[in-house]
Structures are given as structure tokens and as C-alpha cells.
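Have a look at the structure below before the remarks.
Protein chains: 4
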Amino acid sequence: MFRFLTAGESHGQCLTALVEGIPAGLKINLDEINRQMARRQKGYGRGGRMSIETDKVDILSGVRFGETMGDPITLRVVNKDWENWTDRMSVMGTPTWTKVTAARPGHADYVGIKKYNREDIRDILERSSARETAARVAAGAVARQFLEACGIKIVSHVINIGGVKANTDNIDYANLQPNDSDLNCNDAQAEDKMREAIRDAGQAGDTLGGTFEVVVQNMPIGVGSHIQWDKRLDMQLAGAMMSIQAIKGVEIGDGFDYANHPGSQLHDEMFYNEDKTVYRKTNHAGGIEGGMSNGEPIIVRACMKPIPTLMTPLHSIDIESKQEVLACKERSDVCAVQAASVVGEAMVALAITKAMIDKFGSDCMVDVLQNLQAYNERIKG
Amino acid sequence: MFRFLTAGESHGQCLTALVEGIPAGLKINLDEINRQMARRQKGYGRGGRMSIETDKVDILSGVRFGETMGDPITLRVVNKDWENWTDRMSVMGTPTWTKVTAARPGHADYVGIKKYNREDIRDILERSSARETAARVAAGAVARQFLEACGIKIVSHVINIGGVKANTDNIDYANLQPNDSDLNCNDAQAEDKMREAIRDAGQAGDTLGGTFEVVVQNMPIGVGSHIQWDKRLDMQLAGAMMSIQAIKGVEIGDGFDYANHPGSQLHDEMFYNEDKTVYRKTNHAGGIEGGMSNGEPIIVRACMKPIPTLMTPLHSIDIESKQEVLACKERSDVCAVQAASVVGEAMVALAITKAMIDKFGSDCMVDVLQNLQAYNERIKG
Amino acid sequence: MFRFLTAGESHGQCLTALVEGIPAGLKINLDEINRQMARRQKGYGRGGRMSIETDKVDILSGVRFGETMGDPITLRVVNKDWENWTDRMSVMGTPTWTKVTAARPGHADYVGIKKYNREDIRDILERSSARETAARVAAGAVARQFLEACGIKIVSHVINIGGVKANTDNIDYANLQPNDSDLNCNDAQAEDKMREAIRDAGQAGDTLGGTFEVVVQNMPIGVGSHIQWDKRLDMQLAGAMMSIQAIKGVEIGDGFDYANHPGSQLHDEMFYNEDKTVYRKTNHAGGIEGGMSNGEPIIVRACMKPIPTLMTPLHSIDIESKQEVLACKERSDVCAVQAASVVGEAMVALAITKAMIDKFGSDCMVDVLQNLQAYNERIKG
Amino acid sequence: MFRFLTAGESHGQCLTALVEGIPAGLKINLDEINRQMARRQKGYGRGGRMSIETDKVDILSGVRFGETMGDPITLRVVNKDWENWTDRMSVMGTPTWTKVTAARPGHADYVGIKKYNREDIRDILERSSARETAARVAAGAVARQFLEACGIKIVSHVINIGGVKANTDNIDYANLQPNDSDLNCNDAQAEDKMREAIRDAGQAGDTLGGTFEVVVQNMPIGVGSHIQWDKRLDMQLAGAMMSIQAIKGVEIGDGFDYANHPGSQLHDEMFYNEDKTVYRKTNHAGGIEGGMSNGEPIIVRACMKPIPTLMTPLHSIDIESKQEVLACKERSDVCAVQAASVVGEAMVALAITKAMIDKFGSDCMVDVLQNLQAYNERIKG
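Residue numbers (my numbering), protein chains in the order written: chain E, 793 to 1173; chain Y, 793 to 1173; chain V, 793 to 1173; chain W, 793 to 1173.
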């Protein structure tokens, strides 16, 4: 059984991710984990905080001399700015800072303050902040090292920012490569326009959302199951993706476009090649049929809403004075879709890892790989 | 804690749903449950089987003299046609019928047979069949009676079939009423064109998918939570919806359209009315901010792919002979989007029930309603 | 992932067990399931109802032509007496029978009626009744067929009834055989005295409890884990056993006797035999070290309290009149320890099955057995 | 929903506990948490390490200015000795220390090394070590502050060490007070003999186990449920207790002694007092009937085996040389039963907290206390 949890506030001492169920004997590359952390931070259109926090992961448990032991893995991401925030974020003591009372639309602020019976919105926004995704990326970076040991790769790319769309015709999903661009878009021309749109939005005090795709390559067939609603792999992927802050839509394969064409054009017919191996010429299904991976690349698409904290603030309310006010500015990113795509990779990696471990066990890599190979051998042809 | 599971094969003796965690003291209206079952079956474009199976629910446990006792509720939906299928679907004995060996694209057939090491595709398709959704509708019908006792209503409507789109401008989601039409579309003109499209597709041996919305009205604020990835209400709704057979996309509120507009146009600004109660003029967020219900109608949109079993069959494979064949026809619906919308209501009802019970407890209705009312009182204003 | 739930009231239409996660391709022997059902019913000292209900299991899903398909398995145990109880146990309609208002000590009656806000104690006792264990035995009978296919056997024996203790010196736990006696005791002399004690208690209008052991033979080593509190096999076994109605104590191996001797006498020293295979001369640990099976027979001991419904009724209360009364007699078994030992086997089988499937996967028997064999090969020597 | 996990190795950088579901608005007393940590360390008969590690808890998340926010709470317990262990316990790098290859009986060593495919037993013993219980005590200390806010108190006392038994007649469980003795025994005379037994065992190079009781006072009635096997409170308590390292037996109330007396002597008859409130004269059931708390003190008894690491080492095996050897000494406590009783309190606190939160919700203390009070009001009389 695989599970993970995160903890920590945005300006608290640190974020923590606890990852349990990674098999023993996995070599851990800490630089690679930190490379993923850096990817989350570098996007075009991010505000000032990104430069303060160059996130590094400390591994506090579960890894010894570079190898997992089967124990729960604790990952810590220190909030470097915390020392300047102790007046507002001390664990003990008495607050000396004024409370946040202006509830921002599009955030957890208003609902959270009611549900949890708080007086200072900071008690809510510190946890609802997208900073929490740093812990997810750390956890996901471990998960993807497990997946890579199983031969599975995860990449993503951004396909729409603020209405500027990348050309997605003729993408070879099985061989899609990660790129190093600051918007994670594979279409250079579109990416230039996206940058322009972000620049324009920033100058207008506005923000932009967008759409990205996460692709799982070399996925074994038969992961997930049709036998119960909560065992379906698409169900688990949709939940994992929608759990990311600001994500409002999830698609598998053709997604919503399935509504617009007749069935004869949308199903992935099956053929035998000369070796009597099954193949497809299309992948409308995005790699999942009947709640199970079918061997084609898994394609999960998600939409992120524009960051609701605008430099031109939104009409809002003050929970203390009960007056209408303009929402406070907690941060100032213009666009974080590239970052969301990195977080999306992490959540997909975590969901796929869970399903892989349910199927192939979790004691040690030798057993997992043996079980995987024997399975692949059995189902061949 | 609320949980539910279903069991049963499409042509087995019966489907079973086990629903646990419904509080004691809820009045159960069996006619209303059966009315939901009938809704799932009546849509325009459904094939022959729908008339054989007029589903009725038998309650086998958990309800006594019309009231829940707090016990697990067992719901049975008999497969009326089973008696004619005993040669193929006996629990014991020896099969006398020929195996199904042609694996249909778009179904669990091929992957399932590999994963579960079966020789007869019937061992897979009997469970992966959308007939299983009858058990979900039964479970959901109980859940929605619980929700209605809490003042929460769930309705749905179809907004796209095969590219024919309903006019969705100016919908008053808070007051959207259920309709009795055979396509569950509120736009009569569009619905006529949808029927036409279905008729045309049927004549061409083709099938159509579509899009529908499920709306949760009068939702208390603060259900779900921002504090952990798997406690977010949108996460749970996305998973529940994507778990439905043939669903390939899920959106909350504006969904993927968030990508196309700047943030200044997409967030739901907050105002105080004269009583110092918060209100909004828009609901882009679809009733969920920060993973929690915000008091606005919850709007979940889903896309169903066209049924992959076409009268003009798809190119496929025979798992025994290893020859390419045309896929067998297991059934012959042209369009089941209306049915999917009913199933969507059920899954939303079940997900919301789980979240409500996590928040307000599950012993008995008196306590749940007391806790709900005290909470509403506390957060007022 | 393996899970199971039961549903159903003692005098309702039927009990249901839903068992999910049994791999595909397991041959199911229905006669053997029913033999387990019969074992639960035959014990010396059981009252009148046992003869009414000769329980038979109907398999409603998950099995086709004698083999599992990987689907959820639905097991039904009809309550044969239900037809005579419709005045008291109808799902719908109006009750015509008088309510039960005398709350019996030692049962869920009093607490249940408060918690669930009921007026008729029957709403509680129908579910809290030990009749529910029939569904567990049915589920456990499926689980043990899975375990037997993996080479694992489960037996039990009664070692104490009402203070009459069996001689348990020199038991060869690895080869302990099931017996067919009506008290499930392997010590014939003690068993005679147990029967006598039961007879005496019955004549005095009294009841007797007792102690039994469940033994798991040929258990693979390394099932369960030390890495997290809720993954320990002893934790799972203790929970499963304590979940049985009337069970008040659970021990693994030497159990409470560990308190009375120094460590030098209580640990199972390890030796190599000529083949360099590890062996032990003792099994104080009862087959579990560090939360994992260690290859020795697992020994779980449990204590059942005497049935609290006595022919000489206990001092109790009437929840309606608020008067002190003598507790009503719902049934009249004198001793059910033999039945509890059968239920104990079932619960142990279910707990072990869960842990086995977490470790070796659950898709199909071919894969599970392959994974198990490869693991055994790897760890040899 | 309440959950908690621990992570960390015995000589790693730190232990971590992640506790999720504690309601917002609970005042946290850090000194009191640290007092619990100290209690775990001070027992008579503990070896040298206890003086090195005076455990202090750092709260890394979830608490702000002394109050919970509803967020996951991260608790860190630094391993002070870690700096001296980096040659053996570095996260990265190459080991320079010799491997541990002698597998000790009674520990996870041998099984763990096989299951997880390790070559250095340190990879297993670092996590299986009872040091992990420090993280549980930290988590439990938070849980008990929650319970105390609900009026619930948890105390324990040791009743048997190495066969020396305390006098447990006439204990007033409802008013049992914590004591500060170094063996946590309330019977001073017996405690002196226990000390003597520990001294003698230590001099003989031996170890001692024992038995303790954890008592939950002022427990609301109706927590837990009879409706499903895994919702029973006794099931959850038994699992929680048996999950503690070295615990081999768990009893509720009279426990195994129920086997030795007839039912007429063992059930807790009910009476009305003048106010028509129900009361009992006995508490054989240990506060739980039908899987639910019945308002009497909950009494959970557990047995700890003697520590298997003896100064006079046990016969064991070397996994590398395949020779029989004497087991290595990883530590040298003679008796840790007092510490186990503190851990037992923590695990009971965590299990009760989970069940309370399932019943009364977990958003904020104001709501939980309101729901609890309204419930108590409803069921009165």
C-alpha cells in the first residue's frame, strides 16, 4: 500500500511530505529531486517570492546511503523566509502583527474562516496557499524515481495560456521529451505569444490561467481495474489532478471533445502486427480503457484558473469590519501554469505509483521488478 | 464514515449495492428510489435491453418499517433476463456456450483478459458493462434522500450530444428544476436537434457521446477541506465522476474555459447585502473555492464518450485465433448521455454525502440536523 | 487491495457479505463454504434457533462456472425464519408488534438505542446479534480457499470453557488437524468435562464463555510489516479477532504469560540446519516478530465472554417506562465458544488474506502464485 | 477524519509524527507534550541511551501562537545522538562502518532482511526499534489534549512485572490518578518487589516483561459502533495496542478471565438512580458493550514481552556467514514496561480521538464541543 501526506504552512518553518510504501532498494538521486523542485519555481511570470525560496529537499528518514529501506520517507522543504516571519508565524507566543481580515475571492479565505472558526485569515491562507505544492513535487520526485526504475516516464507540456494555444497536431506522445523552457511549451512560436500575453496581463495588473498535459510513457497494461468505482485508474488520476490548487478541469485522452464526434471516429481500433502483438493507430482514449491502462501513453489534461490574487484587486469583504474592501495582495505571480504542469507531473506520478504498488507489491525493488517482468512475460502476444 | 461498494455482473442473478454510514432515522421512500432507477433507463436512443429490464430495487437490510436503523443498507437490483442466461452465467457447473473472443476497442475487454488471465471475454465485460451503474443509481437514490433531509438538492441536465449544444446562457443554477424529457435537456429546441442527431447516427450504425452538468443546490458552506490533497471536495467529485464508465472529462464551474480569459473576469467577487450576509454576483468557481463548498450551487460538468459498441463494428482482434476481426456487438444503444446524467447525479450525491457525514456525523438524523443547524447558526453573517 | 463488509439483520430477509479483491482464477468449492457454515452451527450447548437455520450460502456475483473472475463476490445467507417475522421486520409498512424496551446488560441494546436515537431496541439488537457472524464465516470461507491455494491452512481448537481447561502441552501446532467434535476441543477428556459444565450451566439457567486458539500453518515469512503501526500483522489480527461479538481478549503466542517469565526463557533462538535453512526449537512468539510472520505457525488466542442472555435473566432497565426490569431473553444458547472458534478462523483468514494480497497482488491466481514462488525462491537459505 | 503516521529511524536525524484531523482552536501546551515525552524515558530498569536522549518535541506545522488551525500537525523529535552516527546513518554517501549481520531472535531482524532484501540488518532494526514509540507518544500527547478539552482523561498503571503482581482489588477506575513513580505502579509494596526483580534480572543479564492497564475516564457513551466489524471501538483499541512493539496480548475489561466464570457473575447489570439515570455496580465489560463505549471507564490491558536483547545474548544466526552466533546487543534495557504503559496511553488516546472525531466532527473545537454537548443533552436520562 502506498500513501502520502503533506504538512506545513506557507510561511511556517518548513513543509513536510511523508511518503510511505516505496519499496526498499531504490536508489535515490537527491540532485534529481532538487531539479524537480527547481522546475516548479522557474516559470516565466512568477513573482518575487520565487527568488527568495530556492527550494532544497532534506531527506529526514527512509533513505540510507542513497537507497530506500522500505521505511516511510520524510522530505523537508525549509521555508527560507521563515525567520523574517516569526512575528506572524510563531508556534507559541502572542501575535504582534495585525490580523488579515480581507477575504480574497477565489481562495479558501472566506469559507475557511467560517468552517474553522478563525479570526485571522492567515490561519487559512497559510495552508491553502499553492506553496504546499512544493511538498507534493518533492514526494512526486521520489515516486517518479520509482517509476523510472520500472521503465515508466512522465513528461508534461503547456498547451494554452490565457487563450494562446500551442499547436498540438502530430504530437508523438510516446516519445514526447521534457523541455527546459520557462513556460514548458513545446511550440516555440506559441510560447513567444504566451510570454507576450503574460507580459501584457502583468502590465494590466491581471493574471492568466492555462492548460497543460501530463503524459505517462511506457506504462504497463492492466494497471487500475474495472471491478469497482474507486479502483479505476482514471478515477484516481482525475482525483489526484483536481486536488491541485486552482485546477478546475481534468480530461483523459480526447476528453470533452468526445462529445462532438460520432463513435466511429473516436475509438482506437486494434490490430495485430507481424509478431501477433496488438497495436493501435490512434490513442483517443488517452491510454485508459475500462479504468485500466491499455499500454498506450496515458494523457491527462488539466486546466488551471488564473491566480485570483490580482495587482488590480478584486472586490471583496472584510470579515471583521463587515465592510466591502478590495482584496489584499498576498503574492503577485501573473501566471503559474508552468509550475502547475510540474505539480501535475508529481500528482500523476504519485497516483500511478499507488496503482503500480497495488498491483506489483511494495517490499523491495527486486521483487517489484521480478513481478512486473513475469507479468509482462505472461501477457505477451 | 460513509462508504459504498457495488457488486454483480451484467447478466448475473442481480446487482448489489452496499451503502454504509447513512444515519438512523432517515425515512426511505422506495418509490422514489425506483423512480430514479426508471430515469436511468428511459432515454432516447437506448437499445432493446432497456425494455427487458425495468429495474426495481429490493432493500435487503438496513431499513425497517420505512426508516433507516444506522445499519449497512443492502440494495438488490435483479437482472430479469438472468434466467435466459444460465447457460452462460451459472455460478457453478460447466459452460455450454461458446466463449467471447473478439475484444472490442473502447472497452475493458482486451486489457481485462490479459490482467485477469481469462480466456472468455465475458469474464470481463460482464462487470465492466455500464449495467453496473444501476447499482450506483440505487445507492445514490438513498444518498440523495439523506441530502434532501439536509435541504440539499441535486439536479442535472444534458448540454451537448454529438456536437449539438444546448443554450446555457442565463441558467439560474440555484433554481434549476429537474425535467422529464427523454434527453434531460432543458433547451427544447436543441433537444429536438439532439434527437435528430441520434436518429441519424443510429441509421448510420454509429453512436454519440455528450456532455452534462450536475448541480448541487442549497449546499452548506465549508464542506470539504483545503488542508490535505485528498480531503478537497473538488478532488472527491472529480474522482466520483470520472469513475463512471465512459466518462472522459470533468470540470467544476468554468472548467477548461478558465484558460481562455484573464483573472479579472473569472473570480467571483464578494459583497455584503443589507443584512451583512455575503453574496456573489457570479459563480465561475462552480461553488467550490479552496477545496470547499462556498455556498453557491456546485456545478460539475462531465463528458461521456460515444458508446464504443457500434452496429458498424470497429476493427478489432480475436484473442484466441490471433486474427483481426470486427468487434462483436454486445448491445446496441446509440446514445446513453441522458442515462449518464442520472448516474452522474448519483455519484455526486454519494460524494457529497460522504463529505457531509465526515463533517456532521452519521449516527442519526436528529444529531446530523442538529449539528448542521448549530453550524449554520454559528457561521451566520 | 482486499476488503470485505457484511450487511443484514438477524431476522431480516438475509445476510450479505461483499468480498472484494480475491484474485481471478480461484476455483470455488461451494460445498466447502457450506461445510464451514454448518460448523458454525453445530456446537454443543447451542439453543433452538440453530436447528431452524441450516445456513446455505448463495453466491450472487463474482463467480462463474466455479471460478472467480476478479469481481466483487456477493454471498447471501438467507434467514429462513424471516417469513414468520415480517410483522416485526418488514422493510416498509407499519409495525404491528410491540417494541422491545428492556435493555439487556452485555449487549449493544442500551448504548445503541441512545446513540442511534431509536425507540425499539430491536432496531439495535437485530444488527448487533452474533447472527451477523454467519456472513463473516461465509466471507472467511472464500478467503481460506484463496489461502489454501497459496498453501496456507487455518485450524482452531477450544482450550477452555467455563474454567475447564484442555491440556495444551506438547501441541504440534505445525501439524494440528481440524477435529469434528461438537466443542472443537482436541483433548477428549477435557471436552467431556466441558460438556458437563455446559450441561450444569444450562440447568442453572446460566451461560459459559471460553478460550480458543486459531493457528495459521505454512505461513510465508515476511507478511505484514514493521514500518508503520497499522501495517503490522499482529495489529491486524488483534483487530480482526477483537471485532467478533463477545470477544474480550486476544493474544499472540505466549500472550499474557510473557509477563511472568524472564526474557532468557521466552525468545525463539535461531539455528541453521544442515541445508543452512533457519529453524527454531520454540515458538513463543506465535509466528510473529516485528509485526511480520516469521515462518512459524501463527497462534492467535481469544477469549469469549459468556453469552449475556441468561435464562435466569439479569437485572436491567426498561427504556420506555424507566423502570428496572429483568432482561428479556432474545435467545437461549448456553455456550457458543465452539462457534466463536469457527468465526475466529474466518476472521483470521480474512486478515491474512488482506496481508497476503497487499504483498503478492490480487489480479489472478497465476500471478499471485508466481509472485509467491519467486519470493520464496529469493529468500531461501 | 483523523489519521496519523510516524516516520524516522532510531539513529537517524529525527523522528517525525504527522497528525491530521485535530480540530482548529485547540490550545496546545508544549510543556505538557514534553512532559509526556519525559515520562516515556524515565522508567526504572532502562539502559544508557535514555540519558542521551532527553526528547523534546518541535512543532513544525499546524499550530500558530499556541493554537491549532485545523492543519496537519508535524511533530519532530530530534535524535540527539545522530551526529555521532553519520558514518552509519548518512542519507547519502558510502557506508564506512561494518554491517550488522547477526539476526536477533524476537526482533524484526531476520524476517525484515529477507522481506526487504537487505544485507545490513541495520536497515531493518533502525525502524523496528522501539525508539519509534517516541513519535507515537508525541502524537498521542496532542490527541490527549484534544480529549481533555472534551472532558476525557487517560491514565495507566503497571500491574505485573516479571511475575510480580500488583494488588488490583478495589481499584476505583473512574478516579484512578496518574502517579509519578518510576514503574508507574500504584501498589507501592508490589512496586518495591518489581524493582527488586528488575535488579535481579539485570544482574543475571536477563530482561523482564509485564502487564499494564490503560484507563479512559469520563468517556461519552456511544463512541464506536456495532454495525460493522471495523467500526467497533474494541476492535480499534485492540489493533492500536497490539501495534506497539513487543505487545503480545490485549484485553478489555475482565478479558481472558471471562472464560473462567459463568455469565451470571460477569455482566454489568443496569439500574436507575433517583434521577432515572442508568448506572452499574460493576464494570466487567471494561466500558465497552456491542463495540461501543457504555459510559463506564474503558479498561484496556496489555502484555509486553521481555526485551529480547539480553546482556546474556541469545543463540542466533549470522546472515552473511551462515554461522550460528550469539545475538548482538543493540541496547541494554532490562525492563521497559513503564515506558510501554506511557506508549499504551498514547495509542489509546489516538484510537479514542479517531472514534470521537468520526462521531463529533473535526473542523473546530467550538463545533466539536457543541455537537458533544447537544448529544449528551439528547441522550440524557
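C-beta atoms are modelled at their ideal positions from N, C-alpha and C, and glycine is treated no differently.
If I follow the unbroken beta strand (DSSP E) through residue i, where does it start and stop?
| i | result |
| --- | --- |
| M1148 of chain E | No beta strand (DSSP E) holds M1148 of chain E; the alpha helix (DSSP H) holding it covers V1129 to F1152. |
| N952 of chain Y | K945 to I953 |
| T999 of chain E | Here T999 of chain E belongs to no beta strand (DSSP E), and DSSP marks it neither H nor E. |
| R868 of chain W | I865 to V870 |
| I1109 of chain E | H1107 to D1110 |
| V811 of chain E | C806 to E812 |
| R795 of chain V | R795 to A799 |
| L1118 of chain Y | E1116 to L1118 |
Identify, in the order they occur along the chain, each residue of the same chain with its Cβ nearer than 6 Å to the Cβ of residue i, setting aside the five sequence neighbours on each side.
| i | result |
| --- | --- |
| G1173 of chain V | K1068 |
| A809 of chain V | T798, L867, A927, A930 and A931 |
| S921 of chain Y | S802 |
| V870 of chain Y | C806 |
| K1023 of chain E | S1017 |
| G898 of chain E | P1100 |
| A1077 of chain E | G1045 and D1060 |
If I follow the unbroken alpha helix (DSSP H) through residue i, where does it start and stop?
| i | result |
| --- | --- |
| F938 of chain E | T925 to A941 |
| L852 of chain E | Here L852 of chain E belongs to no alpha helix (DSSP H); instead the beta strand (DSSP E) covers V849 to S853. |
| M1164 of chain W | Here the sequence assigns Leu to residue 1164 of chain W, which means Met is not the residue at that position. L1164 of chain W -> alpha helix (DSSP H) spans M1157 to I1171. |
| M829 of chain W | L822 to Q833 |
| V1092 of chain V | Unbroken run through V1092 of chain V is the beta strand (DSSP E), I1090 to M1096; no alpha helix (DSSP H). |
How many whole angstroms separate the CB atoms of residue i and residue j, which I take to be in contact at a CB cut-off of 8 Å?
| i | j | result |
| --- | --- | --- |
| V1092 of chain Y | L1029 of chain Y | 5 Å |
| Y1167 of chain V | D1159 of chain E | 6 Å |
| P1100 of chain W | H1053 of chain V | At roughly 13 Å, the Cβ-Cβ gap does not stay under 8 Å, so P1100 of chain W and H1053 of chain V are not in contact. |
| L1118 of chain W | S1056 of chain V | Not a contact, Cβ separation roughly 12 Å. |
| F857 of chain Y | T886 of chain V | 6 Å |
Which same chain residues, not among the five before or five after residue i, have their C-beta less than 8 Å away from its C-beta?
| i | result |
| --- | --- |
| E918 of chain V | E801, S802, H803, G804 and M881 |
| Q969 of chain V | V947 |
| W874 of chain W | H803, G804, Q805, C806 and M881 |
| I820 of chain E | I851, V855, G858, E859, T860, V934 and Q937 |
Going by beta carbon distance, what residues of the same chain come within less than 7 Å of residue i, once the five residues before and after it are set aside?
| i | result |
| --- | --- |
| S973 of chain E | E983 |
| G817 of chain E | E859, T860, C1156, M1157 and V1158 |
| W1021 of chain E | M1027 |
| D912 of chain Y | K891 and V892 |
| L852 of chain V | T866 and R868 |
Inset, instruction - Please name the residues in the segment 871–905 of chain V whose beta-carbon is closer than 7 Å to at least one beta-carbon of chain W, in chain order. - result: Listed by position, the residues of the segment 871–905 of chain V near chain W (Cβ gap below 7 Å) are A895, P897, G898, H899, A900, Y902, V903 and G904.
Inset, instruction - Kindly provide the ranges of any beta strand (DSSP E) runs that are 3 or more residues long and lie completely inside the segment 1022–1072 of chain V, ordered along the chain. - result: 1039–1044, 1062–1064 and 1070–1072
Legend entry - Interface residues of the segment 1025–1036 of chain Y facing chain E [CB-CB below 9 Å]: Here the close residues are D1026, M1027, Q1028, L1029, A1030, G1031, A1032, M1033, M1034, S1035 and I1036.
Inset, instruction - Closer than 9 Å, Cβ to Cβ, to anything on chain E: give me those residues from the segment 1038–1051 of chain V, in chain order. - result: Residues passing the 9 Å Cβ filter: none.
Legend entry - Residues in the segment 963–989 of chain V having any Cβ partner in chain W nearer than 7 Å: none
Inset, instruction - May I ask you to list, following chain order, the residues of the segment 1002–1024 of chain E that have a beta carbon less than 8 Å from some beta carbon of chain Y? - result: G1002, T1003, I1013, G1014, S1017, H1018, I1019, Q1020, W1021, D1022 and R1024
Legend entry - chain V contacts made by the segment 851–865 of chain E, where a contact means CB separation under 8 Å: G862, D863 and P864
Inset, instruction - Output, in sequence order along the chain, the residues in the segment 798–829 of chain W whose CB is closer than 7 Å to any CB in chain E. - result: Flagged, chain order: A799, G800, E801, G804, Q805, C806, T808, L810, E812, A816, G817 and L822.
Inset, instruction - Anything in the segment 1126–1147 of chain W with a Cβ closer than 7 Å to a Cβ of chain V? List those residues in chain order, please. - result: none
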